[in-house]
Structures are given as C-alpha cells and as structure tokens.
Ligand SMILES: Cc1cc2nc3c(=O)[nH]c(=O)nc-3n(C[C@H](O)[C@H](O)[C@H](O)COP(=O)(O)O)c2cc1C
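In my numbering, the protein residues as written are 909 to 1104.
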C-alpha cells in the first residue's frame, strides 16, 4: 500500500524509517543502493552495495567492504560520493550526497568481523587476491586453484573487512505519482520543494 505523506515533517522522518527498515530487511528495495564515486582520473565509478546500518540521529549510513577494493582508495582520496536508492513499492527515488570514511581497524571492525567471519561472506574478506585483480585463467572464479599466489607459500591471510561510513550531507527525494510527481532537496535543517 502506498503511503501519501504531505508535509516535510511527515516525509523526512519516513525517509529515515525506510532507510532503517532497509538495513534490517533483505527484501527492502532500498537494501542495495548504488554508490557512485570518482576515480583517480576524475571519472565516475559506481557499484551496488548493501546497506548494513542506519543511524538517523547521527545522519550516518554504514556499509561493509573490502579494504583492498578500488572504491576504498577512491573514497580515501575523495570522500564525496553519491548513493542512489529506488523503491518501486514506495515510488521513491532517493539520491544522497555523502562524505565517506573508511574504517579498516579498531574495536568496531573487530566486533563486526567476529560476526562476519561466521557468515558465508567471510571468504570474500579472506581472499588472497584483492577485488578487481585479473585472474590468470578463464574460469572467472577466484579460488586458490586459479589464483596466481601459491597457497602453500602464502602467509595466512589477514582479513580485509572494512567499514564504510557515509555521513549524509544532503538528500534529493523524488516521488513518482499519477497525481503528480513531487521532489524535494533536504538537509538536516532545510527543505526545498523542486520541480520534479
Ligand atoms: C547485490 C550486490 C550487493 C553488493 N554488496 C556489496 C557490499 O556491500 N560491499 C561491497 O564492497 N561490494 C558489494 N558488492 C560488489 C560491488 O558491487 C562491486 O562489484 C565490488 O565491491 C567492487 O567494486 P569496486 O571495484 O568499485 O571497489 C555487491 C554487489 C551486488 C550485485
């Protein structure tokens, strides 16, 4: 059922409620936004990520990633990024300007890694080869047989699990509706209706 919210004071908290739900519900369409960043040549790059935690009070969205992945170097060099969410159920697109910080070590990483390492995703963060490295054979599977590193001689891999924290700076909310589309640009303290 579509909810029809009227005022900024209704819509703003509902955006954060939906983000919070998406971090908990694997079927929520906002669970897997696209994160766009800028590479070292100033060119756009983008990829799907899973929304893991939402702190509405702090205005922060949290993702997990591999500290060796190209996006991490990109975001460490240039922290501004953009997240794009779309939900057909809500008919809502949300574009979120963020400043990203990557946390690769420390108590928060240690605590989360204790959980992640029990999960099916653990192998992703323990692979010998970093994400994006060209594989020597054509199978497309980065297992130890295809990796160019000899596992017998390789040191036990330390995990490369990292936390990607996105501080929300501004949002662009768009609602598609037969009764008329609505769009607004909002920050913590501001709200402006825009032509959709
Ligand atoms: C549904 C889906 C969810 C994904 N979630 C994540 C994620 O949470 N973190 C992540 O680092 N990569 C995730 N990926 C993989 C990224 O989209 C990307 O392929 C990978 O991180 C390498 O990106 P980079 O080369 O830009 O660093 C996901 C891919 C898909 C299709």
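We put the beta carbon where it would ideally sit given N, CA and C, even for glycine.
Keep in mind it's a predicted model, so treat the numbers as computed, not measured.
For ligand 1, a non-hydrogen atom lies closer than 8 Å to the CB of residue 979.
Annotation for residue 1070: 973, 975, 1010 and 1012 place their beta carbon closer than 6 Å to its own, counting only its chain and skipping 5 residues before and after. For residue 1034, the three-state secondary structure derived from DSSP is coil. In the structure shown, the three-state DSSP call for residue 914 is coil. Here residue 944 really is in contact with residue 952; their C-beta atoms are around 6 Å apart, less than 8 Å. When the five nearest sequence neighbours on each side are left out, the beta carbons in the same chain lying within less than 6 Å of the beta carbon of residue 1001 are those of 994 and 1082, in order along the chain. Per the C-alpha coordinates, the member of 920, 1048, 970 and 927 positioned closest to residue 1073 is 970.
For residue 926, DSSP records no beta bridge to any residue. In the displayed model, residue 957 falls within coil according to three-state DSSP, outside both helix and strand.
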